[in-house]
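Take a look at the structure set out below.
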Amino acid sequence: MSAILNTYNRKKISFLKGKGSFLHATNGKKYLDFVQGIAVNCLGHANNYLNKAIIKQSKKVWHVSNVFTIPEQEKLAKRLKQRTFADYVSFQNSGAEATEAAIKFARRYFYTKGQAKKNRILCIKNSFHGRTIATIYASGSKKMTEGFSPKVDGFDHFKFGDHKQLEKSITKRTAAIMIETIMGEGGIKVIPEYCLKGLRKLCNKKNILLILDEVQCGIGRTGKFMAFEHAKIKPDIVPIAKGIGGGFPVGAVLVNKKVASGMKPGTHGSTFGGNPLAMSVGNAVLDVIFKKGFLIEVYKKGKYFQKELKKIQEKFPNIIKEVRGKGLLIGLVLHKNQTNFINKLIDHKLLTVRAAENVVRLLPPLNVTKQEINLALKIINNVCENYK
Numbered sequence: 024m025s026a027i028l029n030t031y032n033r034k035k036i037s038f039l040k041g042k043g044s045f046l047h048a049t050n051g052k053k054y055l056d057f058v059q060g061i062a063v064n065c066l067g068h069a070n071n072y073l074n075k076a077i078i079k080q081s082k083k084v085w086h087v088s089n090v091f092t093i094p095e096q097e098k099l100a101k102r103l104k105q106r107t108f109a110d111y112v113s114f115q116n117s118g119a120e121a122t123e124a125a126i127k128f129a130r131r132y133f134y135t136k137g138q139a140k141k142n143r144i145l146c147i148k149n150s151f152h153g154r155t156i157a158t159i160y161a162s163g164s165k166k167m168t169e170g171f172s173p174k175v176d177g178f179d180h181f182k183f184g185d186h187k188q189l190e191k192s193i194t195k196r197t198a199a200i201m202i203e204t205i206m207g208e209g210g211i212k213v214i215p216e217y218c219l220k221g222l223r224k225l226c227n228k229k230n231i232l233l234i235l236d237e238v239q240c241g242i243g244r245t246g247k248f249m250a251f252e253h254a255k256i257k258p259d260i261v262p263i264a265k266g267i268g269g270g271f272p273v274g275a276v277l278v279n280k281k282v283a284s285g286m287k288p289g290t291h292g293s294t295f296g297g298n299p300l301a302m303s304v305g306n307a308v309l310d311v312i313f314k315k316g317f318l319i320e321v322y323k324k325g326k327y328f329q330k331e332l333k334k335i336q337e338k339f340p341n342i343i344k345e346v347r348g349k350g351l352l353i354g355l356v357l358h359k360n361q362t363n364f365i366n367k368l369i370d371h372k373l374l375t376v377r378a379a380e381n382v383v384r385l386l387p388p389l390n391v392t393k394q395e396i397n398l399a400l401k402i403i404n405n406v407c408e409n410y411k
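24 is the number of the first residue of the sequence shown in the numbering used here; add one for each residue after it.
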């Protein structure tokens, strides 16, 4: 009997090693991994460049407290600032911590402006912002909050795509609107570019901060460094994680100068956030992603993958209802429960992961090859041909 707390329905499969887009299991089989730790291993398994960065830094220093200046942290923050809207970066360990910090920063900003009661965060119902006690209530999911009362107050919700409800939900106490630029766990639901532009205008008009959660959809996943770049807007706060560490735990919050003005020494901190080992990996990830043409290739591969998936959908409309996503963040909406379909894919040695709304997520590494995409397409097609 396992000593691991039973909080996951784990597949009866484990892995010995991985390389690039593939994993080698203890059962002797080789799997094409289009889960990649749920969009975490952005450069695949056992990436040589990232391995060298970790080994090099591990021989110097692993961890020092944030009470000292950390050069590796300064370097990564400067690069993120230069590439994004951000004026400042606060490093965390995970996506949940990053979204928690984003909530704190938004509330603190208005507190320092003498508006302490302007502290509520407006979110999409059944979104996903993490598993901490605050972020589950930010997500507004009954399933996620069940059994964890008393309710953490301070969050209001509107339905995805309901613009009228969104505007009605805004009050004088609304400090920020926080949404995922592309909803991941919620079913790979892309917020249209015109909606993002509209949100920016609305926030400006109402004196509200715009928080775009890019924990899953950021760091090159859509063919732009940040997913909101497609809409050509500038948010106020953006939590990131997953891909920025390429598999190593790294999180961060990007903020503009306005938001940063509310934060002073002692208002937030993290023991492990921004440690030298994590920062060395983050810098190595950016070395690869920022190479000329890399993101263009991600976009092209994503476009090709989705085009070919739509051809399969047209062949099997009774199985695949819709193909969603942007770049290499892709979801297949099925007519029937996705669990059986995912298990069939595993039988054919393709690993995928579920999402809400009966969605199968496809999350290959950003450096996936066209041949590997074609292999995944062949497997999906074969499963559809024999699916009952």
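Note that CB positions come from ideal geometry on N, CA and C, so glycine has one too.
Quantities reported herein were computed from a predicted structural model and do not represent experimental measurements.
Residues in the same chain with beta-carbon distance under 8 Å from residue i, minus the five sequence neighbours each way, listed in chain order, please.
i, result
"Val346", "Gln329, Leu332, Lys333, Gln336, Ile353, Gly354, Leu355, Val356"
"Lys52", "Lys372"
"Leu39", "His47, Ala48, Thr49"
Where residue i and residue j are concerned, what is the direct C-alpha to C-alpha distance, given to the nearest angstrom?
i, j, result
"Val87", "Asn381", "44 Å"
"Arg131", "Tyr54", "47 Å"
"Asn306", "Pro94", "11 Å"
"Val238", "Asn341", "33 Å"
"Pro262", "Leu277", "6 Å"
"Val304", "Leu73", "6 Å"
"Gly209", "Val84", "39 Å"
"Lys220", "Gly177", "25 Å"
"Leu46", "Arg143", "44 Å"
"Val112", "Arg106", "12 Å"
"Lys34", "Asn366", "9 Å"
"Glu408", "Thr49", "29 Å"
"Val391", "Pro288", "42 Å"
"Leu398", "Asp56", "11 Å"
"Lys338", "Lys104", "46 Å"
In the DSSP output, which residue or residues are listed as bridge partners for residue i?
i, result
"Ile200", "Leu145, Leu233"
"Leu46", "Gly41, Tyr54"
"Ala378", "Val382"
"Gln115", "Gly274"
"Pro262", "Val276"
"Val238", "DSSP, once it has assigned bridges, lists no residue as partnering Val238."
Which whole-angstrom value describes the C-beta separation of residue i and residue j, a residue pair presumed to lie in contact below a C-beta threshold of 8 Å?
i, j, result
"Val282", "Phe128", "5 Å"
"His186", "Ile147", "No, His186 and Ile147 are not in contact; Cβ-Cβ is about 12 Å, not under 8 Å."
"Ile396", "Leu368", "Actually they do not touch by this definition, with Cβ atoms about 15 Å apart."
"Ile260", "Ala125", "5 Å"
"Ala119", "Arg154", "6 Å"
"Ala264", "Ser117", "6 Å"
Using a Cβ-Cβ cut-off of 6 Å (strictly less than) and excluding sequence neighbours within five positions of residue i, which residues of its own chain qualify?
i, result
"Gln361", "Arg377, Asn381, Val383"
"Phe133", "Lys141, Ala198"
"Arg102", "Leu309"
"Asn298", "His86"
"Gly285", "Arg131, Tyr132, Thr135"
"Ser293", "Gln115"
"Gly348", "Ile211, Gly354"
"Lys165", "none"
Does the beta-carbon distance from residue i to residue j come in below 8 Å?
i, j, result
"Val311", "Phe317", "yes"
"Lys141", "Lys195", "yes"
"Leu235", "Phe251", "yes"
"Thr375", "Val58", "yes"
"Ile193", "Leu145", "yes"
"Glu123", "Thr168", "no"
"Phe114", "Gln138", "no"
"Val175", "Ile156", "yes"
"His152", "Met201", "yes"
"Gly67", "Ser44", "yes"
"Ser162", "Ser150", "yes"
"Lys364", "Tyr410", "Looking at the sequence itself, residue 364 is Phe, so the reference to Lys does not match. The answer is yes: Cβ separation under 8 Å."
"Cys65", "Gly296", "no"
"Lys280", "Asp110", "yes"
"Leu400", "Ile61", "no"
With a cut-off of 8 Å, does the C-beta of residue i fall near any C-beta of chain B?
i, result
"Lys338", "No chain B is present in this structure, which holds just one protein chain."
Excluding the 5 residues preceding and the 5 following residue i in the sequence, name in chain order all residues of the same chain whose CB lies nearer than 7 Å to its CB.
i, result
"Gly350", "Arg244, Thr245, Gly246, Val321, Tyr322, Gly325"
"Lys344", "Val356, Leu357, His358"
"Arg223", "Leu233, Ile256"
"Ala301", "Gly268, Phe271, Pro272, Val273"
"Tyr160", "Thr168, Lys174, Val175, Phe178"
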